[in-house]
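Chain order of the listed sequences is A and B.
Anchor point for the first sequence: position 172 equals 186 in this note's numbering, and the numbering is continuous, going up by one each time.
Anchor point for the second sequence: position 160 equals 174 in this note's numbering, and the numbering is continuous, going up by one each time.
There are 2 protein chains.
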Amino acid sequence: MGTPELTDEYDRFFDELSRMPDINSCIEAICSEFNIQFVTYHLAFHEGKAIDSPYVRTNYPAEWVSQYLTNDYVEIDPVAQNGFKRALPCLWSDLDWTAERSIEFKNDARKHGIGTSGYLIPVTDRKRRRAIVNFASPAKESAWAKKINTIDVLLLECAEILHRKAIVDLYGREDEKPALTPREIQCLNWVAQGKDASSIGLILGISEHTVRDYCKSAKHKLGCASLYQAIHIATMQRLIDPDSLD
Amino acid sequence: MGTPELTDEYDRFFDELSRMPDINSCIEAICSEFNIQFVTYHLAFHEGKAIDSPYVRTNYPAEWVSQYLTNDYVEIDPVAQNGFKRALPCLWSDLDWTAERSIEFKNDARKHGIGTSGYLIPVTDRKRRRAIVNFASPAKESAWAKKINTIDVLLLECAEILHRKAIVDLYGREDEKPALTPREIQCLNWVAQGKDASSIGLILGISEHTVRDYCKSAKHKLGCASLYQAIHIATMQRLIDPDSLD
DNA sequence: ACTCACCCCCCCAAATTTAGGGGGTCAGAG
DNA sequence: CTCTGACCCCCTAAATTTGGGGGGGTGAGT
Numbered sequence: 015m016g017t018p019e020l021t022d023e024y025d026r027f028f029d030e031l032s033r034m035p036d037i038n039s040c041i042e043a044i045c046s047e048f049n050i051q052f053v054t055y056h057l058a059f060h061e062g063k064a065i066d067s068p069y070v071r072t073n074y075p076a077e078w079v080s081q082y083l084t085n086d087y088v089e090i091d092p093v094a095q096n097g098f099k100r101a102l103p104c105l106w107s108d109l110d111w112t113a114e115r116s117i118e119f120k121n122d123a124r125k126h127g128i129g130t131s132g133y134l135i136p137v138t139d140r141k142r143r144r145a146i147v148n149f150a151s152p153a154k155e156s157a158w159a160k161k162i163n164t165i166d167v168l169l170l171e172c173a174e175i176l177h178r179k180a181i182v183d184l185y186g187r188e189d190e191k192p193a194l195t196p197r198e199i200q201c202l203n204w205v206a207q208g209k210d211a212s213s214i215g216l217i218l219g220i221s222e223h224t225v226r227d228y229c230k231s232a233k234h235k236l237g238c239a240s241l242y243q244a245i246h247i248a249t250m251q252r253l254i255d256p257d258s259l260d
Numbered sequence: 015m016g017t018p019e020l021t022d023e024y025d026r027f028f029d030e031l032s033r034m035p036d037i038n039s040c041i042e043a044i045c046s047e048f049n050i051q052f053v054t055y056h057l058a059f060h061e062g063k064a065i066d067s068p069y070v071r072t073n074y075p076a077e078w079v080s081q082y083l084t085n086d087y088v089e090i091d092p093v094a095q096n097g098f099k100r101a102l103p104c105l106w107s108d109l110d111w112t113a114e115r116s117i118e119f120k121n122d123a124r125k126h127g128i129g130t131s132g133y134l135i136p137v138t139d140r141k142r143r144r145a146i147v148n149f150a151s152p153a154k155e156s157a158w159a160k161k162i163n164t165i166d167v168l169l170l171e172c173a174e175i176l177h178r179k180a181i182v183d184l185y186g187r188e189d190e191k192p193a194l195t196p197r198e199i200q201c202l203n204w205v206a207q208g209k210d211a212s213s214i215g216l217i218l219g220i221s222e223h224t225v226r227d228y229c230k231s232a233k234h235k236l237g238c239a240s241l242y243q244a245i246h247i248a249t250m251q252r253l254i255d256p257d258s259l260d
């Protein structure tokens, strides 16, 4: 870990960053500040939009962006696949690249001028929205790892600024909507899997009454008229995720 | 409308098309067969995937694809916005391009070498998945309209072939899962909006018993243990769509 | 003429949800 | 130190849903 005091020195930079009008300018600034080649911000989804379209901001070359999209590389890219699941940042090299498809992907990336040195920062906010921020460089892996070791805290800060900007961009002025508690989310999650209150009580080791209470308060927080509607809303907001049950 | 017999003449071509290994080859073939500049297939969503990523296949230049993605043009592009709602094909020129953002978008498109003559074909399958297929040309609007008038039936066939290929590509061997009836979807839709059976009965002008029956059968068809789960699944499969209520 | 899929209506007993009402802890703010 | 808010827990009566069952009807395709 880099020293925490390092952040202070960069306060001015982060201030400027926060004031920039759009994410692309931030990306440029980050690249030149830290001498990084490519920076990508990728929000996994738009809440309940009818048309899927990920929110992506990057300075990757257009050919690569296009290639990535029209080949559904997001499905095989270990960085994306892991990034939206894991909680902690990591070097690209720490991921599993052994699958055949991953290797093909990596080669294609290299062909498009993307180096294999990179650093992945997953972001999860209070509303459980998930994004990944990637920093890429043509540097050698060992040099890159050393560099990251000294600036990881700074990049984390950058990632958070990017995310805040994206959220403002998408939903306007910051956040306000109520966040559900972990228990409430858990209960909704199990209800959406078809379990009834008493089973959920057993699973979570709490009383079925309590399970109902959580569903109730979740329903209220989401401003729903019925639990059905709450499940619908929660599903659209991706609060519900069969992968992370229990 | 073009003459229906026209389709017969093209049977061989459609046959070849169906046998092609991937959508990109189809797109090439269609372009050269009908002398069209760009063809795009765009499926709105992946069922319940954690990461939003539209299924797009196109021969647009990479710069334009990248520009479209990283500017969220799908949100302002009248072709996409209308295409995923309307049922019938139309010329791009028949859409409303008066909004300021639409004009900017159009100009940017032109800058990237996309002509303003185009033909939009929306596709909806039995499982309610929606896609749009676009044919673009640098031709003058009047000439293009005349041309479309003679080959519209053929392009419709092409659009369907492209969609079938996309579905196979995404979900493997064709379709099998049960499709819900319109009534079932309607009822689920209203339940997801927080209405109870008797209100829904009033809204749809049927008995509340019948509403319950539809919910029941929908639940069974979706293989769900509870109506909550059915709402969850239906939401993920985008069967539920507040825009198209009633 | 037949089946099949859809559409529509009803009943009932058992189970579940809903909408109230109680509690309690613990951390941080004033 | 009290207070507030967020979290956790439990109960009951009334209302609703569930999972069975029973009827109808149409129109399309074989």
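Even glycine gets a Cβ: it sits at the ideal position worked out from N, Cα and C.
These numbers come from a predicted model, not from an experiment.
Neighbourhood of residue i by C-beta distance below 6 Å, restricted to the same chain and skipping five residues each side
i, result
"T138(B)", "R144"
"I199(B)", "L253"
"K161(B)", "none"
"L109(A)", "P92, N96"
"S32(A)", "I175"
"I41(B)", "V53, N73"
"I245(A)", "A206"
"A94(B)", "V88"
"A153(B)", "S131"
"M34(A)", "C40"
"A248(B)", "L202, I254"
For residue j and residue i, the rounded distance between their alpha carbons
i, j, result
"L57(A)", "A180(A)", "8 Å"
"F98(A)", "H223(B)", "43 Å"
"I90(B)", "T84(B)", "13 Å"
"D260(B)", "H234(A)", "25 Å"
"P92(B)", "A64(B)", "27 Å"
"L216(A)", "Q251(B)", "29 Å"
"E77(A)", "D183(A)", "25 Å"
"R100(A)", "I146(B)", "34 Å"
"D86(B)", "H60(A)", "11 Å"
"Y185(A)", "E30(B)", "46 Å"
"F28(B)", "A123(A)", "35 Å"
"L236(B)", "A113(B)", "41 Å"
Close beta carbons around residue i, own chain, < 7 Å, minus the five adjacent residues each side
i, result
"S107(B)", "E155"
"I44(B)", "I50, V53, C172"
"W158(B)", "S131, S151"
"G219(B)", "none"
"S116(A)", "I90, P92"
"T17(B)", "Any answer about T17(B) is weak, because its pLDDT of 45 lies below 50 and its placement is not dependable; what the coordinates show is given next. Once the five neighbours on either side are set aside, T17(B) has no close Cβ partner at all."
"S231(A)", "E198"
"D36(B)", "none"
"Y24(A)", "L168"
Where residue i meets chain A, residues with beta-carbon distance less than 8 Å
i, result
"Y242(B)", "V205, A206, G208, L241, Y242, I245"
"D110(B)", "Under the 8 Å cutoff, chain A gives no residues; its nearest Cβ is about 18 Å from D110(B)."
"T72(B)", "T84"
Cβ-Cβ separation, residue j to residue i (assumed contact under 8 Å), whole Å
i, j, result
"V88(A)", "S80(B)", "In fact, because the Cβ distance is near 15 Å, the residues do not count as touching under 8 Å."
"R71(B)", "Y82(B)", "Incorrect: roughly 14 Å between the Cβ atoms, too far for contact."
"Y242(A)", "A239(B)", "14 Å between Cβ atoms; not a contact."
"W111(A)", "K125(A)", "That pair is no contact at about 16 Å."
"N203(A)", "D255(A)", "7 Å"
Neighbour list for residue i in chain A, Cβ cutoff strictly below 9 Å
i, result
"E114(B)", "Those do not exist, as E114(B) stays about 18 Å from chain A at its closest Cβ, beyond 9 Å."
"F98(B)", "A64, I65"
"I214(B)", "Going along chain A, no residue has its Cβ under 9 Å from I214(B), so there is no contact; the nearest lies around 11 Å."
Other residues of its chain near residue i: CB distance less than 8 Å, five sequence neighbours each side excluded
i, result
"L170(B)", "P103, I135"
"N38(B)", "R71, N73"
"R226(A)", "A211"
Interface partners of residue i on chain B, CB under 7 Å
i, result
"P35(A)", "None at all; the shortest Cβ gap to chain B is about 14 Å."
"C40(A)", "Residues of chain B passing the Cβ test: none, with the nearest at roughly 14 Å."
"A94(A)", "I65"
Residue i CB to nearest heavy atom of the ligand GDP below 7 Å
i, result
"I146(B)", "Looking for the ligand GDP in the displayed structure turns up nothing, as the structure carries no ligands at all."
Interface partners of residue i on chain B, CB under 8 Å
i, result
"D66(A)", "A58, F59, H60, D66, S67, P68"
"D86(A)", "S67, Y69"
"A145(A)", "Residues of chain B passing the Cβ test: none, with the nearest at roughly 11 Å."
"T249(A)", "I245, H246, T249, M250"
Contacts of residue i in chain A (Cβ-Cβ under 7 Å)
i, result
"S80(B)", "A76, V79, S80"
"A43(B)", "Within 7 Å Cβ-Cβ: nothing; A43(B) doesn't reach chain A, min ~17 Å."
"I254(B)", "H246"
Checklist entry - Curious, which full-length alpha helix (DSSP H) runs of at least 4 residues does the segment 55-85 of chain A contain? => result 76-84
Item to check | Complete alpha helix (DSSP H) runs within the segment 95-142 of chain A (minimum length 4 residues, chain order) | outcome: 114-125
Checklist entry - What runs of the beta strand (DSSP E), each 3 residues or longer, lie entirely inside the segment 141-219 of chain A? => result 144-151
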